[in-house]
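**Q**
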Amino acid sequence: MTDPHPCSWQIHGTAGAAEWLTLVHGFTQNSDLFSAQIRHFGDRYRILSIDLPGHGQSAGVPGPYGQAEYAEAVGAALDAAGVTRTHFWGTHTGAAVALILARRRPDVIASMVLDGAVIPGAPTPYVAASIRQARETARARGIAAARHEWFHESEWFRVIRENPVECRAEEHWRILCDFAGVPWMDEAAPAVVSDMTPELSNIHQPVLLVNGEHDVEEFVGMADVLESRLPRVERCVIERGGGFPLWEFPAAVNARVDRFLDGVLTVSPH
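In my numbering, the protein residues as written are 56 to 325.
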């Protein structure tokens, strides 16, 4: 693989804090997804938020766009920001990136929060079909139509749609409208990533799995696999949550992540 193109990143939180927390969003999102987490954890951690290539402030980063390319770009962002060891919170595609980096750079990834986790290289029929449909819509009727279909018909966003005030649906829609749709239109084939399932037992960092009570079945199934194979794993199901519990019910998620990270720091401070 060629050297990764740089992607956009920002540092938040307390300058001089001993611990880093890196936040990486999923497909069609951007780092604004973590606004509540940046506010909550910023008094204890230095926070690095990263926009994946093709997303947010990294919309101009050229493809191909796949798990391997995203992991390379995020690894380069960690290096550019001077982060040598970090707790890593990834949601959906960001969770796949976390697992890839945990295997490639175990000295850098101290622990992981995997929110709606995707196992790198594992079959994801629902995700693949959703992306395929979005690409067809984007190419036939434009990016705006694809965005509308993605938000209003996908199971990921059902809890947000059904609880528009409590789950800040309008604000989340603005995040999605920031997605320029470049990965939907790009023709470059991403690198093939082998199914990481057989390697999960070799990941020794502490992991917290987070799902919503009403999460997409495919993501719940992957969390089941991760829970059965990862050596050091905890699991949390957020009551009433859907595909984006960190956004839908941030107070509950943040409190659980606080307890997890406190335990990690107590056992293995760095």
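In this text, a Cβ means the ideal position worked out from N, Cα and C, and glycines have one as well.
No experiment lies behind these values; they were computed from the predicted model shown.
Would residue 105 and residue 90 qualify as a contact pair, given that the criterion is a beta-carbon distance under 8 Å?
**A** As a first step, residue 105 is located in the sequence shown; it is residue number 50 there, counting from the start. As a first step, residue 90 is located in the sequence shown; it is residue number 35 there, counting from the start. No, Cβ-Cβ distance for residue 105 and residue 90 is not below 8 Å.
**Q** Who are residue 264's beta bridge partners in DSSP?
**A** Stepping through the sequence shown from its first residue, residue 264 is reached at position 209. According to DSSP, residue 264 bridges with 169 and 290.
**Q** Find the nearest neighbour of residue 246 within the set 123, 268 and 253, judged by alpha-carbon distance.
**A** Mapped onto the sequence shown, residue 246 falls at position 191. The shortest C-alpha separation from residue 246 is found at 123.
**Q** Go ahead and pull the three-state DSSP assignment for residue 93.
**A** Translated into the one-based positions of the sequence shown, residue 93 becomes position 38. Helix.
**Q** Which parts of the segment 66-142 are runs of the alpha helix (DSSP H), unbroken and 4 residues or longer, counting only runs that do not cross its ends?
**A** The segment 66-142 contains these whole alpha helix (DSSP H) runs: 90-96 and 122-135.
**Q** Would you report the Cα separation of residue 216 and residue 224, rounded to the nearest angstrom?
**A** Along the sequence shown, read from residue 1 onward, the residue named residue 216 stands at position 161. Along the sequence shown, read from residue 1 onward, the residue named residue 224 stands at position 169. Cα to Cα, the separation comes out at about 6 Å.
**Q** For residue 66, count neighbouring C-beta atoms within 10 Å of its own C-beta (all shown protein chains included) and say buried if the count is 16 or more, exposed if not.
**A** Your numbering for residue 66 matches position 11 in the sequence shown. Burial call: exposed.
**Q** Name, in chain order, the residues that DSSP records as bridge partners for residue 164.
**A** For this step, residue 164 is matched to residue 109 along the sequence shown. Answer by DSSP bridge pairing, in chain order: 141.
**Q** Using alpha carbons as the reference points, say which of 102, 192, 145 and 157 lies closest to residue 240.
**A** Translated into positions along the sequence shown, residue 240 becomes position 185. Measuring from the Cα of residue 240, the nearest candidate turns out to be 192.
**Q** Classify residue 179 as helix, strand or coil using the three-state DSSP reduction.
**A** Sequence index remark: in the sequence shown, residue 179 carries index 124 (1-based). The answer is coil: DSSP assigns residue 179 none of H, G, I, E or B.
**Q** Just checking my contact of residue 171 with residue 150 at CB under 8 Å: how many whole Å lie between their CB atoms?
**A** Translated into positions along the sequence shown, residue 171 becomes position 116. Translated into positions along the sequence shown, residue 150 becomes position 95. Sure, about 7 Å apart at Cβ, within 8 Å.
**Q** What residue does the alpha helix (DSSP H) around residue 278 start on, and which one ends it?
**A** Stepping through the sequence shown from its first residue, residue 278 is reached at position 223. Residues 272-284.
**Q** For residue 136, which residues from the same chain have a beta carbon less than 7 Å from its beta carbon, with the 5 sequence-adjacent residues on both sides left out?
**A** Start at 1 with the first residue of the sequence shown, and residue 136 comes out as number 81. For residue 136, where only same-chain residues beyond five positions count, the Cβ hits under 7 Å are 64, 66 and 103.
**Q** Residue 317 to residue 76, Cα distance in whole Å?
**A** Here residue 317 is taken as the residue at index 262 of the sequence shown, counted from 1. Here residue 76 is taken as the residue at index 21 of the sequence shown, counted from 1. In a straight line, the C-alpha of residue 317 is about 13 Å away from that of residue 76.
**Q** Count the other CB atoms within 10 Å of the CB of residue 314; is the residue buried (16 or more) or exposed (fewer)?
**A** Locating residue 314 in the sequence shown gives position 259, where the first residue counts as 1. Exposed, because fewer than 16 other Cβ atoms sit within 10 Å of the Cβ of residue 314.
**Q** Give me the Cβ distance between residue 277 and residue 173, rounded to the nearest whole Å; I'm assuming they're in contact under 8 Å.
**A** Here the question's residue 277 lines up with position 222 in the sequence shown. Here the question's residue 173 lines up with position 118 in the sequence shown. Between residue 173 and residue 277 the Cβ distance is about 6 Å, and since that is below 8 Å, they are a contact.
**Q** Between the C-alpha atoms of residue 297 and residue 209, what's the straight-line distance to the nearest angstrom?
**A** Here the question's residue 297 lines up with position 242 in the sequence shown. Here the question's residue 209 lines up with position 154 in the sequence shown. Their backbone Cα atoms lie some 11 Å apart in a straight line.
**Q** Looking only at its own chain, which residues have a Cβ that is under 7 Å from the Cβ of residue 111, when we skip the five neighbours before and after it?
**A** Counting from one through the sequence shown, the residue named residue 111 turns up at place 56. So the list reads 63, 85, 86 and 233, once near-sequence residues are dropped.
**Q** Between residue 286 and the rest of its own chain, which residues show a CB-CB distance below 8 Å, the 5 nearest in sequence each way excluded?
**A** Position 231 of the sequence shown, counted from the start, is the residue given in the question as residue 286. If we look at residue 286 and ignore the five residues flanking it on each side, its Cβ neighbours are 256, 258 and 259.
**Q** Report the residue from 180, 121, 179 and 178 whose alpha carbon sits nearest the alpha carbon of residue 152.
**A** Indexing the sequence shown from 1 puts residue 152 at position 97. Out of 180, 121, 179 and 178, 121 has the C-alpha closest to the C-alpha of residue 152.
**Q** Could you give the first and the last residue of the continuous alpha helix (DSSP H) run that contains residue 216?
**A** As a first step, residue 216 is located in the sequence shown; it is residue number 161 there, counting from the start. It spans 213-217 - the alpha helix (DSSP H) in which residue 216 sits, taken as one unbroken run.
**Q** Cβ atoms of residue 272 and residue 182: under 8 Å apart, would you say?
**A** Counting from 1 along the sequence shown, the entry for residue 182 is found at position 127. Counting from 1 along the sequence shown, the entry for residue 272 is found at position 217. No. Outside cutoff.
**Q** How would you write the range of the alpha helix (DSSP H) that residue 237 sits in, first residue to last?
**A** Counting from 1 along the sequence shown, the entry for residue 237 is found at position 182. Counting along the chain, the alpha helix (DSSP H) containing residue 237 begins and ends at 237-240.
**Q** Could you compute how far the alpha carbon of residue 218 sits from the alpha carbon of residue 109?
**A** Within the sequence shown, the letter at position 163 stands for residue 218. Within the sequence shown, the letter at position 54 stands for residue 109. For residue 218 and residue 109, the distance between alpha carbons rounds to 29 Å.
**Q** What does the alpha-carbon distance come out to for the pair residue 161 and residue 211?
**A** The count along the sequence shown starts at 1 and reaches residue 161 at position 106. The count along the sequence shown starts at 1 and reaches residue 211 at position 156. Taking the straight line from one Cα to the other gives about 30 Å.
**Q** Considering only the alpha carbon of each residue, which of 131, 117, 71 and 299 lies closest to residue 244?
**A** Reading the sequence shown from its first residue, position 189 is the one you call residue 244. Comparing Cα-Cα distances from residue 244 to each of 131, 117, 71 and 299, the minimum goes to 117.
**Q** Are there 16 or more other CB atoms within 10 angstroms of the CB of residue 303, so buried, or fewer, so exposed?
**A** Your numbering for residue 303 matches position 248 in the sequence shown. It counts as buried.
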